[in-house]
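S.K.: Quick one: the structure is below, questions incoming.
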Amino acid sequence: MVVFLEGLLWLLRFAVGASIFSFLHVVACRLPIGESVVQGRSHCPGCGRTLSAAELIPCISYVVQGGKCRGCGGRIPVRYLGMELAGGVAFVWCCWFFDQGKGGCGLASGGEVICIEGLWGFLYLGILAVVALIDRDTRIIYDRFHIGIALLGIAAVWLFPEHGLVDRLIGLAVVSVPMFVLALAVEGAFGGGDIKLMAVSGFLLGWRAVLFAAFVGLAAGGVYCIVMLAAGRISRKEQIAFGPFLAVGLAAALFWGDAAAGWYLSLL
Ligand SMILES: [Zn+2]
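Read in numbering that gives the first Met the number 0, the sequence shown has 62 at position 63, and its numbers run on one by one without any break.
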């Protein structure tokens with residue numbers, strides 16, 4: 000019975016995360032075109048038909064309908080499912096990761112859905128996901144997301160006191176300042192949104208982890224460009240949105256940045 004309830008709790012966590020990311024996907028689609036994110040029911044991007052409750056169950060609706068709209072039969076982009084799966088996994092992972100060493104997140108410890116640190120991490124991942132989607136679609140990172148990350152960074156001062164204020168202030172500048180200088184020297188190297196993203200994230204993560212994030216982001220973006228150039232999908236002059244790659248690097252750094260940077264520094 001306890002095992003069953005324990006499983007149910009993890010399933011609930013997955014569902015909560017999937018539902019929140021499903022909403023964030025709506026935000027990412029509607030914000031750039033100026034549509035309200037609270038008004039207006041969810042509708043098919045193809046035919047505009049309002050979706051029923053049965054079509055709004057995260058992950059399940061997409062699979063049951065075979066990725067097609069029930070009204071017009073048009074394909075629903077796979078990123079709908081991708082965002083919902085990512086949200087479920089992110090919530091479960093944050094719950095588990097941030098609860099390590101705190102007595103566990105199972106029923107025995109009171110059965111809370113998620114600890115405050117886990118919720119903090121999940122919110123950061125949520126902002127990164129929206130930033131990545133909107134930047135990919137429009138090449139813009141809105142300032143409201145920088146502000147959101149900055150607020151999470153201020154919360155981190157209390158939640159994770161092991162990173163001192165000096166550590167965070169170095170983090171604020173260690174990646175953003177070189178990016179800013181590079182952007183001045185090479186026109187269009189980075190957008191202002193990318194630079195601000197790395198500044199506020201540097202304060203949130205600390206200097207070691209944000210260096211790791213920049214490394215992962217540059218490597219991922221570089222590999223993507225080489226593959227796309229070789230495949231003839233992009234031209235040499237084309238500018239790609241860098242935000243999604245930085246977001247991947249920052250998400251990785253949230254969990255492994257300190258450990259990876261510590262390992263690297265120990266080699267020097
Ligand atoms: Zn439709």
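Every residue, glycine too, gets a C-beta built ideally from N, C-alpha and C.
Only a predicted model underlies this, so the values are computations on that prediction, with no experimental measurement involved.
Tell me the rounded alpha-carbon separation between residue 54 and residue 128.
M.R.: About 23 Å.
S.K.: DSSP three-state call for residue 236: helix, strand or coil?
M.R.: coil
S.K.: Measuring CB atoms only, is the stretch 10 to 25 touching the stretch 77 to 87, in the sense that at least three cross pairs come out at less than 8 Å?
M.R.: yes
S.K.: Which word fits residue 263, buried or exposed, when buried means at least 16 other C-beta atoms lie within 10 angstroms of its C-beta?
M.R.: exposed
S.K.: May I have the straight-line CA-CA distance separating residue 193 from residue 249, to the nearest angstrom?
M.R.: 12 Å
S.K.: Measuring from each Cβ to the nearest heavy atom of ligand 1, keep the ones under 7 Å and list them in chain order.
M.R.: 43, 45, 46, 48, 68, 70, 71, 73
S.K.: Could you pull out every unbroken alpha helix (DSSP H) segment of at least 4 residues lying fully inside the stretch 96 to 154, listed in chain order?
M.R.: 115 to 137
S.K.: Considering just the uninterrupted stretch of the alpha helix (DSSP H) at residue 162, what are its terminal residues?
M.R.: Counting along the chain, no alpha helix (DSSP H) covers residue 162, and no H or E run does either.
S.K.: Out of 31, 207, 8, 167, point me to the one whose CA is closest to residue 94's CA.
M.R.: 8
S.K.: Which term fits residue 51, buried or exposed, when burial requires 16 or more other beta carbons within 10 angstroms of its beta carbon?
M.R.: exposed
S.K.: My output table needs one value for residue 74: the three-state DSSP class, helix, strand or coil.
M.R.: strand
S.K.: Could you tell me which residues DSSP pairs with residue 42 in its beta bridges?
M.R.: 49
S.K.: Counting C-beta neighbours from all protein chains within 10 Å, is the total for residue 258 16 or more, i.e. buried, or is it exposed?
M.R.: When all chains shown are included, residue 258 counts as exposed.
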